[in-house]
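Asker:
Numbering (full-length UniProt numbering), first residue to last: 1 to 230.
#1: What number of angstroms, rounded off, separates the C-alpha of residue 128 from the C-alpha of residue 158?
#2: Does the count of Cβ pairs from the region 70–79 and the region 155–173 closer than 8 Å reach three?
#3: Can you find the residues in the same chain that come closer than 7 Å, C-beta to C-beta, to residue 201, ignoring five residues on each side of it along the sequence?
#4: Using only CA atoms, which one of 86, 90, 94 and 121 lies nearest to residue 51?
#5: Once DSSP output is grouped into helix, strand and coil, what is the label at residue 3?
#6: Which value, in whole angstroms, describes the spacing of the CA atoms of residue 168 and residue 181?
#7: Can residue 55 and residue 196 be called in contact, C-beta distance under 8 Å?
#8: Give the secondary structure of residue 140 by DSSP, where H, G and I count as helix, E and B as strand, and everything else as coil.
#9: Does residue 96 pass the burial test, meaning 16 or more other C-beta atoms within 10 Å, or should it be called exposed?
#10: According to the Cβ coordinates, are residue 189 and residue 57 closer than 8 Å?
#11: Mark residue 91 as exposed unless 16 or more other C-beta atoms lie within 10 angstroms of its C-beta, in which case mark it buried.
#12: Would residue 175 and residue 32 qualify as a contact pair, given that the criterion is a beta-carbon distance under 8 Å?
#13: Assuming residue 41 and residue 89 are in contact, meaning their beta carbons sit under 8 Å apart, how far apart are those beta carbons, in whole angstroms?
#14: Going by the CB atoms, is the gap between residue 82 and residue 193 shorter than 8 Å?
#15: Among 187, 171 and 123, whose alpha-carbon lies nearest the alpha-carbon of residue 29?
#16: Tell me whether the beta-carbon of residue 121 lies closer than 8 Å to the beta-carbon of residue 34.
#17: Look at the alpha carbon of residue 179 and the alpha carbon of residue 136, and state the distance between them as a whole number of angstroms.
#18: Compute the Euclidean distance between the alpha carbons of residue 102 and residue 94, then round it to the nearest angstrom.
#19: Select from 46, 53 and 123 the residue whose C-alpha is nearest the C-alpha of residue 153.
#20: In angstroms with no decimal places, state the Cα-to-Cα distance between residue 211 and residue 222.
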């Protein structure tokens, strides 16, 4: 059973609910929601592929001399529905791209990226000061095995920040790859839609030709009947 299609309200609410201050964990949750939305789009593509197979089967016999007008009308309706679904998927794809850009350019994300080298520089300066202090303590005959819990805490936070940011960056890259694949699938659907339109056009021409043949047949029948009377 296919997942329900995300509505425009869901996308709007998802966009407007982005917090003003994003922590790495909150940002990761935001990306997980984006991946879920993209998965739901993939389900919609599978549904469209199934409908396209049905339409191909429907138009496979266009060379037959007799064509049902109901089949032609149903095919046109399905083509219109397919066009509507493709447009909806394009809008959803644009919405995902806007969310990705908002995530990438969010001030807190930039702060994480720019803050890492600043923290490393501060840690390096503090370690240099500690070495100078130890040298001074040794010159005074004092013990130099002093510990600085705040320094180790800063180092741990820096490592944690780097790990979480690497994970976020990987997920962003994966999402951008999936976005590219989504664009390619939409292009393929557009091509299929065009081919189906050409088949429908041919189908309409065949219907017109069949009607003309029937009219000519009726005229010939009347002429033969008149000839036989003589």
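No residue lacks a Cβ here, since even glycine has one placed at the ideal position from N, Cα and C.
Answerer: Taking the definition as stated:
#1: 18 Å
#2: no
#3: none
#4: 86
#5: With a pLDDT of 44 at residue 3, under the threshold of 50, the modelled position of that residue is not reliable, and the figure given next carries that caveat. DSSP places residue 3 in coil when its eight states are reduced to three.
#6: 20 Å
#7: yes
#8: coil
#9: buried
#10: no
#11: exposed
#12: no
#13: 6 Å
#14: yes
#15: 171
#16: no
#17: 59 Å
#18: 12 Å
#19: 123
#20: 17 Å
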